[in-house]
Amino acid sequence: MIRVGVVGYGTIGKRVANAITKQPDMVLVGVVKRSPDYSAKIGISRGIRFFIPHEELVDAWNRAGARYYGTLDDLLQECDVIVDATPKGIGMKNRVIYESKGIKAIFQGGEHPNVGEVSFVAQVNYESALGKQFLRVVSCNTTGLARVLHAINQQYPIEKAIVFLVRRAIDPNQDTNGIIDCVAPSFGVSHHAEDLKTVLKDINIVTFAVRIPVTHFHVHMISIKLKETVDRREIIDLLEESRRIVVLSSRDGLGSTAKLLDLSRELGRPRFDIYENLVWLDSIYAEGKWLHLMQAIHQEAIVIPENIDAIRAVSGFTDALTSMNLTDSSLSIVSTRFY
Ligand SMILES: NC(=O)c1ccc[n+]([C@@H]2O[C@H](COP(=O)([O-])OP(=O)(O)OC[C@H]3O[C@@H](n4cnc5c(N)ncnc54)[C@H](OP(=O)(O)O)[C@@H]3O)[C@@H](O)[C@H]2O)c1
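Going by our numbering, the first residue of the sequence shown is number 229, and it counts up by one from there.
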């Protein structure tokens, strides 16, 4: 069993922790969280062992009557691998601690790419992560783009991709820093293209982004110039066969992110998560060498399977296909359809 600790128990950390408990080859040793709030107390009541980042927080946890098992240092002594899901910038600082203890660690997309030896998307570069000490699972947007562009590029080589990202402003549990009643563009090209190139090294891509006042789902509008002409049906077949990508039809009433949110509730997974790229069938349009499509990404969930595969990769589990099969079956991830 791979002994795993999760540092940071927020949007990503609590989902990764939950997914670890579903793996046949992993054990969740404990999690690190700063404040003893409702989220910690629910986790404690479910039997998760909590640790605090440092001694200065002892009083706060004692005052809240929240049970903890020690500090980050204590947790590290019991772990083979850490998944660091702390807010942007803290992971890079924690890396020094993991390095000094010789512990393997997986960081998230908010960190600078230099935090890891490899930027990781399981379907693209599992093998290059084998046995590494530090990995970075790329962001939700980059993971979603990497999955779909890699699938297409392997079979229908891409000459150039142009992507417009419509980004949710904040996560549903956040009560600060949102935007109201506006569209906020990132001027010039957005950083997503460069981030994607940390995984798909040779891709010719440019990305543009706006933020809008919603909390659920990013939407990507993707235009691709291929090296050869392509038939729409071939692309649909390819995407339907691709792992962790689901093609949905607006004819089933799924013509907006509001309906996708409702779909996630109907599916009833933990925290209503959707781990798959959701490509709208009706958006797929091919004309000569040009291909256009739109997809939605559940930003809170899409990187969870990647974190699980990343744990196996750094632990030296060599069979990428078996790792992804284990991950997908444990989280009920589908590749073709939900129903
Ligand atoms: N949210 C997304 O949609 C999303 C998607 C993909 C990737 N990511 C990336 O994932 C990473 C985490 O993002 P997130 O959205 O999960 O953040 P988040 O919801 O703010 O959660 C961060 C967690 O880290 C804890 N924390 C803060 N300082 C800490 C410290 N010094 N030591 C240990 N724990 C500490 C926080 O504790 P308290 O709760 O007690 O404050 C909280 O539990 C970022 O790199 C982000 O860019 C986020």
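Beta carbons: idealized from backbone N, C-alpha and C, even for Gly.
query	result
Beta-carbon separation (whole angstroms), Leu393 vs Thr435, contact threshold 8 Å	6 Å
C-alpha gap between Glu345 and Gly372, whole angstroms	21 Å
Validate contact between the stretch 514-528 and the stretch 456-465 using beta carbons, cut 8 Å, 3 pairs	yes
Alpha carbon of His446 to alpha carbon of Val324, nearest angstrom	33 Å
Burial state of Asn405 (16 or more Cβ within 10 Å)	exposed
Asp490, DSSP secondary structure in three states	helix
Euclidean distance between Cα positions of Thr370 and Asp403	25 Å
Thr239 CB to nearest heavy atom of ligand 1 below 7 Å	yes
Bridge partners - Met254, DSSP secondary structure assignment	Ile230
Closer than 7 Å: Gly406 CB and nearest ligand 1 heavy atom	no
Reduced DSSP category for Pro341 - H, G, I as helix; E, B as strand; rest coil	helix
The stretch 326-342 / the stretch 262-269 touching (three or more Cβ pairs under 8 Å)	no
Glu339 Cβ short of 7 Å to ligand 1 heavy atom set	yes
Any non-hydrogen atom of ligand 1 closer than 7 Å to Cys368 Cβ	yes
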